[in-house]
Structures are given as structure tokens and as C-alpha cells.
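Peer 1: Going down the list, the sequences are from chains A and U.
Numbering of the first sequence is given in this note's numbering, commencing with residue 1 and proceeding in unit increments.
Numbering of the second sequence is given in this note's numbering, commencing with residue 472 and proceeding in unit increments.
There are 2 protein chains.
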Amino acid sequence: MINTLYLPELREMLAENNEAELREFCSALHPARTAEFMEGLSADEIWRVLQYAQPEVREEIFGFFPSEKQVEILETQDRQEVAELVAEMSPDDRVDLLQDADEAVVREIMPLLPADDRRDILRLQAYPESTAGAVMTTDFAKLGENLTVREALSELSRQAEELETLYYLYVVDDANHLRGVVSARQLVSSMTRPETRLSELMESDVTAVHVLDDQEEVAAKVARYDFLAIPVVDDEHQMLGIVTHDDVIDVMREEAVEDAQRIAGVAPLEESYLRTSVFTLSWKRGLWLTILFAAALTTAFALERYLKAIEEFSWLVLFIPLVISAGGNSGNQSATLVITGLATGDVKLRDWYRVVRRELVMGLLLGGFLSLIGLVAASLLAGDFLSGAVVACTLLLVVLCGTLSGSVLPLFFKRIGLDPALMSNPFVAGIVDILGIVIYMNVALLMLSFTKHPPPSAAAWLPSLPMFLVR
Amino acid sequence: MINTLYLPELREMLAENNEAELREFCSALHPARTAEFMEGLSADEIWRVLQYAQPEVREEIFGFFPSEKQVEILETQDRQEVAELVAEMSPDDRVDLLQDADEAVVREIMPLLPADDRRDILRLQAYPESTAGAVMTTDFAKLGENLTVREALSELSRQAEELETLYYLYVVDDANHLRGVVSARQLVSSMTRPETRLSELMESDVTAVHVLDDQEEVAAKVARYDFLAIPVVDDEHQMLGIVTHDDVIDVMREEAVEDAQRIAGVAPLEESYLRTSVFTLSWKRGLWLTILFAAALTTAFALERYLKAIEEFSWLVLFIPLVISAGGNSGNQSATLVITGLATGDVKLRDWYRVVRRELVMGLLLGGFLSLIGLVAASLLAGDFLSGAVVACTLLLVVLCGTLSGSVLPLFFKRIGLDPALMSNPFVAGIVDILGIVIYMNVALLMLSFTKHPPPSAAAWLPSLPMFLVR
Chain A
1 MINTLYLPEL
11 REMLAENNEA
21 ELREFCSALH
31 PARTAEFMEG
41 LSADEIWRVL
51 QYAQPEVREE
61 IFGFFPSEKQ
71 VEILETQDRQ
81 EVAELVAEMS
91 PDDRVDLLQD
101 ADEAVVREIM
111 PLLPADDRRD
121 ILRLQAYPES
131 TAGAVMTTDF
141 AKLGENLTVR
151 EALSELSRQA
161 EELETLYYLY
171 VVDDANHLRG
181 VVSARQLVSS
191 MTRPETRLSE
201 LMESDVTAVH
211 VLDDQEEVAA
221 KVARYDFLAI
231 PVVDDEHQML
241 GIVTHDDVID
251 VMREEAVEDA
261 QRIAGVAPLE
271 ESYLRTSVFT
281 LSWKRGLWLT
291 ILFAAALTTA
301 FALERYLKAI
311 EEFSWLVLFI
321 PLVISAGGNS
331 GNQSATLVIT
341 GLATGDVKLR
351 DWYRVVRREL
361 VMGLLLGGFL
371 SLIGLVAASL
381 LAGDFLSGAV
391 VACTLLLVVL
401 CGTLSGSVLP
411 LFFKRIGLDP
421 ALMSNPFVAG
431 IVDILGIVIY
441 MNVALLMLSF
451 TKHPPPSAAA
461 WLPSLPMFLV
471 R
Chain U
472 MINTLYLPEL
482 REMLAENNEA
492 ELREFCSALH
502 PARTAEFMEG
512 LSADEIWRVL
522 QYAQPEVREE
532 IFGFFPSEKQ
542 VEILETQDRQ
552 EVAELVAEMS
562 PDDRVDLLQD
572 ADEAVVREIM
582 PLLPADDRRD
592 ILRLQAYPES
602 TAGAVMTTDF
612 AKLGENLTVR
622 EALSELSRQA
632 EELETLYYLY
642 VVDDANHLRG
652 VVSARQLVSS
662 MTRPETRLSE
672 LMESDVTAVH
682 VLDDQEEVAA
692 KVARYDFLAI
702 PVVDDEHQML
712 GIVTHDDVID
722 VMREEAVEDA
732 QRIAGVAPLE
742 ESYLRTSVFT
752 LSWKRGLWLT
762 ILFAAALTTA
772 FALERYLKAI
782 EEFSWLVLFI
792 PLVISAGGNS
802 GNQSATLVIT
812 GLATGDVKLR
822 DWYRVVRREL
832 VMGLLLGGFL
842 SLIGLVAASL
852 LAGDFLSGAV
862 VACTLLLVVL
872 CGTLSGSVLP
882 LFFKRIGLDP
892 ALMSNPFVAG
902 IVDILGIVIY
912 MNVALLMLSF
922 TKHPPPSAAA
932 WLPSLPMFLV
942 R
């Protein structure tokens, strides 16, 4: 929600050019709160208020606006002033901002930036999306391995104002190769031995990531080791940048959303839902919807084989949706449990036997329970106990099929190196739909034929999945 | 995967009691890597190796084992030695460990702990699950407001070894009220003015959370402000602890998994999939499965009203699963997009009109495309163009229903204060199933009656949803 509490006061201060109060507003609160209070203002008004903030604070407040607002300000305000702000921004954030902004505007702003910053931006922009290089920042504390604790501290107090993070100090040799890491805490607690060299103090077994590593791997590593930041190196182990904890949180959130979208059969969006165009969205949904539709079409072919039986026992129709949805829902549950288990590492491939055994038991329990309800409901609705028994047997088998395919398929996709979240839910749905129909019809024909009628010809009730697939 | 690379060497070192090499193994690598290499050993072997590590390192390595392994070690090894390890652990981690371990063992270990630690554990255990109090740690740097920079630094170098984090230094008054915060970076960069008082340096607008706040809110706040840690206070604003960035990452991961489970209709699990008993799991799944089953049962009642028509036009049966799954899949996509959008804050309640308009357009596009495929497939399968037209019209309407209910229901649940992830997907599935049947049958009766046959009696094809609900 936009906070409108301060808007009238802010507009009044602007109207009066009340310098003292505007300066106070920009400096009194945490920059994130200041940004929140301003969100309801127009881009012009925000820019006017920001002129009363110290340059570093201005950049910090700006960084807490939603990215659409940032782009709007960048595109509408004075180029020279905007360029000064961009120069102050942290290297990774400004690359994101420039990527979202209008190209023509970016072409005007770039020449106004200091040469160093310009080069840094071009370098960072060159890394492919979703790699360590694309999320890293180039602002980090770097110290020579021959410095003493005393020298390091004084060097740091010089660098500290400019740096985004100061929790790890990376120790490099003359050729910028990463040699080790010293935490700020180690440095402070070594103040009593000021002549110690960093090379003695540093941890030389440094966990780093390669600049082209996938961001998901980077996030998993940081989470696994409880790091605040992880160094990014190239093939020669030269230090290029760091990925910090706040970027890791963003990456994890992004990946969780992508997984949820994949599970629902939507190809992951690159931008937020509201910023993605309707046509892009239709394409990303339509692709999977069509595949799922094709799978569902095969149920029509399957059903056609049983049309004669259905015409004879028309009450069978009533429970088609019920049977299909019971199988689909239980399969969906199993698939999601296994997919999230695999994603968090709680379930490993080598646990496949335990998983399948559990799902077998669960399928019997859940299927058994639903069959009981189905038995009563179908007996009442169709008017005889035999119909109830047909529906009950079918439900037990279909739920069992659902839990088994829902658990086995994600494991299988993982095994052959595909993303389980991408492939299994749509597959599970499609497979369980067809199996559901085939099971239902065969159970019905079998049970009905052995009781009320002479057995029909074998071809009509033999498991007919392979047969209709070759038609 | 368990890393088995070092296991033979480790076992050999243990057999030889090779002290030098075991000490080297425990200290050379990052504790997380050391733990990884040992994961394949038995609890006894691990404990023997750990005896060669420094107490602080021992505790760190131990903290990187999976929780099952930690519990196993705790329960099987010498109580006195284990108690020493527990005393070294960080306050939040040891509470988690003791909560997972066998109660009888915990009762034996508790009296062996120093009184301070014991009291701390009991206090932390008292906070309800999923609150700030339950995830916070009580190890944090606390300084009096009257200290100077010089005094603060020397105080810190004394505290540094014991503390988990040293990024923010919390400034309190004599009665332990939180007054402000100074970052380690500010302190280091103020070393040139060693007589400055902390009260002048500190940021007094501190964002804190209440000890009973939900962990999800805490995580959202930390992510929003890019904090490394957030202070936890009680009603009187007394400082109780901090929640650190690594705990926030764990909370976010946990919440993402819970959301995915809710979307699939599984009540969130408290433990990992494999550690949850089959009966608990059956209960958590069975509850929703039964609700969904009840919804699906109403489709049987709906279909019964149309049984006469179906007997006359038996080809209608073929496309029942197709129609239902097209509606369900498109509804599932919309619901997931809106739910994840709401969870990340990309979609706000006030955007409801934009969301609904987009889903309307998307329903027309996606539904239109699927109708075309349906038209061709159904014409071929049923043998005439009219059947194809019936299926095509139905698909367009059903997909539209799916996208609209999939988007509106999560927004509606959010509006009335319910968790959109908990309620909407099952609801969407149930509603779209019934609507799908009703739409299909009415479209069919309408189109077929106006072409081939005289119109049937009005009661048979009037929208009959309200009618079958009151039977």
C-alpha cells in the first residue's frame, strides 16, 4: 500500500520551498522509510524533494523506490542531475536500472558518467542474465596480502564510506588473484596484535563462484554456508566482484516464484505479472496449455472405445469428472511434495525407494477413504450398490495411480537431468487423466459383465491404452 | 549427495589415532566443507573426529550437519561432552536442536549446562513457533550509549570472539531499552575521531520487530530494508535479541515451500517430507482431498440433470474430461500467477481491475486458440461440424471462466483477510469443474436443439446451476 500519511505535508513544504524541513525529512528516517513516504508523489515532486538530501543518502533513498518509479524518474528528469545520481549508485543496481530504462535516454546519460563508471557498467552488462556476473557488485573491500592489521584498518577507514559491504575483506596478490578472506570481526579482534600480516590472519580456503555460474547455484551456496557475501572469480581465479546477501534473498524469491509458475504450467516470466505484456503472457501460458490440451484430447480417443458400454450404462458418465479430479488432485499433491523436497534437498534421488513406498501406502489410505465416500454417494445416485462398488474400486486404483505417478515422475525427470518442476505436473495431469478413464471403464466393464450380463468380447475390456494409441 | 571422497582416509586416520592429520582436517577447511566430507561417517566416528577440533570450530562444524545427524549425535554420545558442545552453540540453533531431540535425553543434558545457558534456552523455548522470538538469537553486540568510539572498539574486540554477528552494534540505555544502532562500518570509519560518543554516531530511527511478530513479516522487513539483522524488542522496547540474515533466508525458503504445498492442496508440513509420518501426511492431504472430492461430487449431481441429453447425443461424453481439464489448467495458471504476485508484492489489491481486465483478454486469446484445435479435433472425432462447433464454443467460455475465477478468487480471499494460497486453488478447481459441466451441457443443448431438433422444454437447458444446488 502507498503510504499517504505525509503527502500533504510534503507538498506544502515543496510549495513553500521549506529547506530546513525538507532536509530534515530526507535525513531523519531510514532511507527505505523515506522512500515509502514519498511513493505517492509524482516523479517531478520526488526529484525536487531528493535535491535536499546528501548525495549518498539521495542515492540510497532512490534505491528503495519500486523499479518502475526509478525508471520514470530517470527518463523524465534533468539528464546531468540524473547522471550524477547514477554515478553514486551501487554497480549492480544501476546496471539493472539502465537495462529497464528507455534506450534513447540511456544513450544520452552514458556520456555524462565518469569514464570509470561507464566502463564498469558496460562490463557488467556483458554478463548473461541469471549468472553470478549479472547479479554481482564490483564494490568490495580488497586488500594486499602484505598489509598489517594496522595498515589494513587505516586503509579500510578510508574505503569504508564508498563501499556497499564491509563484512569480508578480500585479500589479493599483485595480479588481483584471490588469495584469502578476512572477516571484519577477525580484523577488529586482532587489533591487539596490530603488526600481524593479513596473509597470516586470512582464511585461504575461500569458497568462490565462477562469474558464469547460475544465480540459483550461487544462492544455494551462500545459503548453505551462511555467508554474507561470496566472491566471484574468472577462469584465472582473478577477483571480479561479490554477490551479497540481499541479492541472494532477491534471487531466492525470484526462483521460488519461477518454480511455482512452472508447477502451474506457466513458463517463468522475466518481469512481474503486471509488467509482462498480455501477448508474452499468453505465449508463456499458451504453450503449456496446448500441450496439456493435447494430452487431454487423448482422453476423448480413449473414451470413444467405450462409447458402446457408456450408452448401455449411461450412469457411468456421472462419475467421469469425479474420477479424473480425484486422480489429478492426489497426483498434484504428491508431485508438489516431491518437487519441493527435491528443491530444498530434503529428498535426494537415492531416497526414491522410500518415497515410492510412502506414496504407495498413502495412495491406499487416501484412495481407501475416498472410495468409501464414493461408494455411498454413487450407490445413492445411481440407485444400486453395484454402481457404488464400481466407482469405489475405480477411485482406489486411480488415487493410487495418482500418488505413484506424482512421486515417480519428478524423481525420473531429476534422474535424467531435467528440471522436475518444469516437466512433471503437466505430465502427471495428462497421464493420470488417461489412466483414470481407462481404469474406470475397464473396472466398470469387468464388474458389470460378471454380474448382470454375459462377458463382452475380450477386446472391449482388455487394457486398451496401447490399442487406442496406435489407431 | 554424500561426499565419499575422504571417508577411507578419515577412517584410516581414526584407526591410527593420527592426531596431527585429524587436527589438520578439522581446521584446514571451511567448517561447512569439513562437515560435508564427514557426512558419510557414523555418529560415533564423527564424534571421535570432532574431538580433534578446537571447541569453537567443533561447534561450527557440528552446526553444518543435517539436523537428523545432529540429533543422532546428541542422543548417542557422552552426555557431558555433548553438553559442552551445546553450551558453545548459538542460542537459536541449540533451541532448534533440543526441540528435535528425544525428551529423555534433553532432560539428562539440561542439568549439565551452565545456568546462564539453561535459562536462555528455557526463555527462547517459551516463544510460540514461527514468531520472531522463536527464530531470534540472543548473541548480539550491545553497547552503552555513553561509550566513545575508542571505548566501543576495545569493548568489541573483547566481545568479538563470542558473537555470532558483528555487523550492527545495538546501543541501549541503562534499562536495556533499544536507543539506536551503529554499523561496524560506521564505527571503523569513525576511528579518526575516537572521542565521539556512540549517542552522536548512532542512527536513532531503528526498525525493529516485536518478539511475537510472525516470522514471515520479519523476513519481509529484512528483505525490504536489505538488513543483515533486525533487532527484536518487547512491549517496552527492551532489546531481546536479533534475527540474522541467514535465519531470514531459511524462513523465506520455508515459507516458499509452504506456499507451494498450499497451492497444491496440502496443509503445510512441519517437518521435511521424509520425516513426516505417513499418517500425519495422509491427514494433511486427506483433509483437502476430501473437500475437493466433495466439490467434484457436485459435478455428478449436475451431470445427472443432463443424462437424457447425453443418452441422445452420446458423443458429448467424449469431451467431458477435455472441457474440465482446459478450465482447470487455465484457472490454475491464473491463480498461481496472482498468488505469487500477491506474495512478492508485485500485485496489490488496488490493482484488481487491471488484473481482471488482463485475465479477460488472456481468457479470450487462450480460449480462442484452444477452441480452434477443439473445433478440428471434435469435428473429426464426432463426425460432423456441429459437434466441433459445440466443443469450440464450450472451450472458449470455460477457459474464460477459468482465468476469471482463477484471478478473482485469490484477490477476494486476500481482501477478506484469508491466505490466498490456502484457499483459492482448491476453490478454483471445484468451481471451474462444475461451471465447465454446466456450460458444456447448456451450450450443447442450445446449439443442437436449434439446428437438428425442436427446442426441448425450457427447464432442461436453462442455466441450471441454482436448480441442482437446491435439489
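Glycine is no exception: its CB is placed at the ideal position from the N, C-alpha and C atoms.
1) Could you tell me whether any Cβ in chain U is nearer than 9 angstroms to the Cβ of THR137/A?
2) Can the beta-carbon of GLY799/U be found less than 9 angstroms from the beta-carbon of ASP904/U?
3) Can you say whether ARG354/A is buried or exposed, counting buried as having 16 or more other CB atoms within 10 angstroms of its CB?
4) Is PRO55/A closer than 9 angstroms to LEU85/A when the C-beta atoms are compared?
5) Flag TRP823/U as yes if its beta-carbon sits less than 9 angstroms from any beta-carbon of chain A, otherwise no.
6) Report all residues from its chain with a CB closer than 8 angstroms to the CB of ALA623/U; omit the five preceding and five following residues, and keep chain order.
7) For ASP718/U, does the count of other Cβ atoms within 10 angstroms reach 16, so buried, or fall short, so exposed?
8) When you compare the CB of GLY812/U with every CB in chain A, is at least one pair closer than 9 angstroms?
9) Beta-carbon within less than 7 angstroms of SER858/U's beta-carbon, same chain only, minus the 5 sequence neighbours each way: which residues are those?
10) Identify the continuous alpha helix (DSSP H) that holds LEU640/U and give its terminal residues.
11) If we call anything under 9 angstroms between Cβ atoms a contact, is THR602/U one with PRO562/U?
12) Can you tell me whether DSSP reads LEU212/A as helix, strand or coil?
13) Please state the DSSP three-state secondary structure of SER325/A.
14) When DSSP builds the beta bridges, which residues end up paired with HIS648/U?
15) Could you pull out every residue in the same chain whose Cβ sits closer than 7 angstroms to the Cβ of TYR523/U, ignoring the five residues on either side in sequence?
16) Leaving out five residues before and five after LEU400/A in sequence, what residues of the same chain have Cβ atoms less than 7 angstroms from its Cβ?
17) Consider the Cβ of ASP100/A: report whether some Cβ of chain U lies at a distance smaller than 9 angstroms.
18) Taking the alpha helix (DSSP H) that GLY877/U belongs to, which residues open and close that run?
19) If contact means a Cβ-Cβ distance below 7 angstroms, which residues of the stretch 736 to 757 of chain U contact chain A?
20) Measuring CB atoms only, is the stretch 409 to 420 of chain A touching the stretch 324 to 343 of chain A, in the sense that at least three cross pairs come out at less than 8 angstroms?
21) Show which residues of chain A have a CB atom less than 9 angstroms away from the CB atom of ILE720/U.
22) Just how far apart, CA to CA, sit ALA32/A and VAL149/A?
23) So is ILE902/U in contact with chain A if we call contact Cβ pairs under 9 angstroms?
24) Report yes or no: is there a C-beta of chain U within less than 9 angstroms of the C-beta of MET362/A?
25) Check distances from the C-beta atoms of the stretch 516 to 529 of chain U to those of chain A and list, in chain order, the residues that come in under 7 angstroms.
26) Leaving out five residues on either side along the sequence, give the residues of the same chain with a beta carbon under 7 angstroms from the beta carbon of VAL82/A.
27) Using the rule of at least 16 other Cβ atoms within 10 Å of the residue's Cβ for burial, across every protein chain shown, is ALA597/U buried or exposed?
28) Output yes if chain U places a C-beta closer than 9 angstroms to the C-beta of PRO456/A; else output no.
29) If contact means a Cβ-Cβ distance below 8 angstroms, which residues of the stretch 300 to 313 of chain A contact chain U?
30) Taking C-beta pairs closer than 9 angstroms, name the residues in chain A that PRO562/U reaches, listed in chain order.
31) Compute the Euclidean distance between the alpha carbons of SER513/U and ARG179/A, then round it to the nearest angstrom.
32) Taking CB distances under 9 angstroms as the criterion, tell me whether MET581/U reaches chain A.
33) Mind pulling the chain A residues with CB within less than 7 angstroms of PRO792/U?
34) Using a 10 Å radius around the Cβ and a threshold of 16 neighbouring Cβ atoms, would you call LEU5/A buried or exposed?
35) Taking the runs of the alpha helix (DSSP H) that are 4 residues or longer, which of them lie wholly in the stretch 724 to 793 of chain U?
36) So, does the CB of HIS708/U fall closer than 9 angstroms to a CB anywhere in chain A?
Peer 2: So, from the listed chains and residues:
1) Against the first sequence, residue 137/A aligns to sequence position 137. No - not a single Cβ of chain U is within 9 angstroms of the one on THR137/A.
2) Counting from one through the second sequence, the residue named residue 799/U turns up at place 328. Counting from one through the second sequence, the residue named residue 904/U turns up at place 433. Yes.
3) Walking along the first sequence from the start, residue 354/A turns up at place 354. Result: exposed.
4) Looking up residue 85/A in the first sequence gives position 85. Looking up residue 55/A in the first sequence gives position 55. Cβ atoms of LEU85/A and PRO55/A: closer than 9 angstroms.
5) Here residue 823/U refers to the residue found at position 352 of the second sequence. Not an interface residue.
6) Your numbering for residue 623/U matches position 152 in the second sequence. Closer than 8 angstroms at the Cβ level, and outside the excluded window around ALA623/U, lie LEU614, LEU640, VAL653, LEU658, LEU669.
7) Looking up residue 718/U in the second sequence gives position 247. With 16 or more other Cβ atoms within 10 Å, it is buried.
8) Locating residue 812/U in the second sequence gives position 341, where the first residue counts as 1. It does: the Cβ of GLY812/U has a partner Cβ on chain A nearer than 9 angstroms.
9) Along the second sequence, one-based indexing puts residue 858/U at 387. Excluding positions up to five away in sequence, the list reads TRP786, ALA849, SER850.
10) In the second sequence, the residue the question calls residue 640/U occupies position 169. Taken as a continuous stretch (DSSP letters only), LEU640/U belongs to no alpha helix (DSSP H), being part of the beta strand (DSSP E) at 639 to 643.
11) Here residue 602/U refers to the residue found at position 131 when the second sequence is read from its first residue. Here residue 562/U refers to the residue found at position 91 when the second sequence is read from its first residue. No, the Cβ-Cβ distance between THR602/U and PRO562/U is not below 9 angstroms.
12) Translated into positions along the first sequence, residue 212/A becomes position 212. The answer is coil: DSSP assigns LEU212/A none of H, G, I, E or B.
13) As a first step, residue 325/A must be located in the first sequence, where it is residue number 325. SER325/A falls in the helix class under three-state DSSP.
14) Translated into the one-based positions of the second sequence, residue 648/U becomes position 177. The partner list for HIS648/U (beta bridge, DSSP) reads GLN709/U.
15) Numbered from 1 along the second sequence, position 52 holds the residue referred to as residue 523/U. Correct list, in chain order: GLU490, LEU493, ARG494, CYS497.
16) In the first sequence, counting from the first residue as 1, residue 400/A sits at position 400. Cβ within range, chain order: GLY363, LEU364, GLY367.
17) Here residue 100/A is taken as the residue at index 100 of the first sequence, counted from 1. Not closer than 9 angstroms to any Cβ of chain U, the Cβ of ASP100/A fails to qualify, so no.
18) Within the second sequence, residue 877/U is the residue found at index 406, counting from 1. First-last of the alpha helix (DSSP H) with GLY877/U: 856 to 886.
19) GLY736, VAL737, SER743, TYR744, LEU745, VAL749, LEU752, SER753, ARG756, GLY757
20) yes
21) Counted from its first residue, the second sequence places residue 720/U at position 249. Result: ALA219, VAL222, ALA223, ASP226, HIS245, VAL248, ILE249, MET252.
22) What you label residue 32/A is simply residue 32 of the first sequence in a count that begins at 1. What you label residue 149/A is simply residue 149 of the first sequence in a count that begins at 1. The alpha-carbon atoms of ALA32/A and VAL149/A are separated by roughly 35 angstroms.
23) Sequence index remark: in the second sequence, residue 902/U carries index 431 (1-based). No, ILE902/U lies away from the interface with chain A (no Cβ there is under 9 angstroms from its Cβ).
24) Mapped onto the first sequence, residue 362/A falls at position 362. With 9 angstroms as the cut-off, MET362/A counts as an interface residue toward chain U.
25) none
26) For this step, residue 82/A is matched to residue 82 along the first sequence. Same-chain partners within the cutoff: LEU74, ILE109.
27) Here the question's residue 597/U lines up with position 126 in the second sequence. Exposed.
28) For the purposes of this step, residue 456/A is taken as the residue at position 456 of the first sequence. Any reading at PRO456/A must be qualified, since the residue scores a pLDDT of 46, below 50, and its modelled position is unreliable; no value is offered.
29) ALA300, PHE301, LEU303, GLU304, LEU307, ILE310, GLU311
30) Here residue 562/U refers to the residue found at position 91 of the second sequence. Those do not exist, as PRO562/U stays about 15 angstroms from chain A at its closest Cβ, beyond 9 angstroms.
31) Here residue 513/U refers to the residue found at position 42 of the second sequence. Here residue 179/A refers to the residue found at position 179 of the first sequence. So the alpha carbons of these two residues sit roughly 34 angstroms apart.
32) The count along the second sequence starts at 1 and reaches residue 581/U at position 110. No - not a single Cβ of chain A is within 9 angstroms of the one on MET581/U.
33) Locating residue 792/U in the second sequence gives position 321, counting from the first residue. The answer, in chain order, is ALA296, THR299, ILE320, ILE324, ASP433, ILE437.
34) Counted from its first residue, the first sequence places residue 5/A at position 5. Under this definition LEU5/A is an exposed residue.
35) 749 to 775, 778 to 783
36) As a working note, residue 708/U is residue 237 in the second sequence. Closer than 9 angstroms: no.
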